[in-house]
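Residue numbers (our numbering): 95 to 206.
This report concerns only the one structure given below.
Below, the structure written as C-alpha cells:
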C-alpha cells in the first residue's frame, strides 16, 4: 500500500525486543491482513524474531490483543497520523466469545 493515500492508516509496529518498523494500511485491513502482510514483507533487521507462520502474529493495541477479523477502521484509528501497536508471536488468544478484543495485563476492577 502507498503511504500517500489520503485515508491510509500509518502503523508503527514494535516487537518485544524494541525493534520498530512503520507500515501503511487501509482502514479496511484486518488484524489478520496486517499479520500476513508483515509476515510476507518481514523487515530487514528482524531476522531474530522471524516466525514460521503469519497465523501466530498478534497485534496489541492499547493493551488489548486484536482478534483477526477486527479492521483498523473499526478501531477508529486516525488517518494521516502514526498509531503504535505491539507485534507479538502467540499461538492462541485468550478465549473471550463475542468480544472483539481481550484485555491483557490490566485489572478491570481498578487497583493494581
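Ideal placement from N, C-alpha and C gives every residue a C-beta, glycine not left out.
Values in this document were obtained by computation on a predicted structure and should not be read as measured data.
For residue 117, same chain residues with a beta-carbon under 6 Å away, outside a window of 5 residues either side, are 105 in chain order. Burial is judged here by how many other beta carbons sit within 10 angstroms of a residue's own beta carbon; residue 126 has at least 16 and is buried.
According to DSSP, residue pairing for residue 180 in a beta bridge involves 108, 154.
Looking at 113, 123, 148, the one whose alpha-carbon comes closest to that of residue 138 is 113. A direct Cα-to-Cα measurement between residue 152 and residue 130 gives close to 11 Å.
Per DSSP, residue 122 lies in no beta strand (DSSP E) segment and is marked neither H nor E. Residues 142, 143 of the same chain have their beta carbon placed closer than 8 Å to that of residue 111, with the five preceding and five following residues left out of the count.
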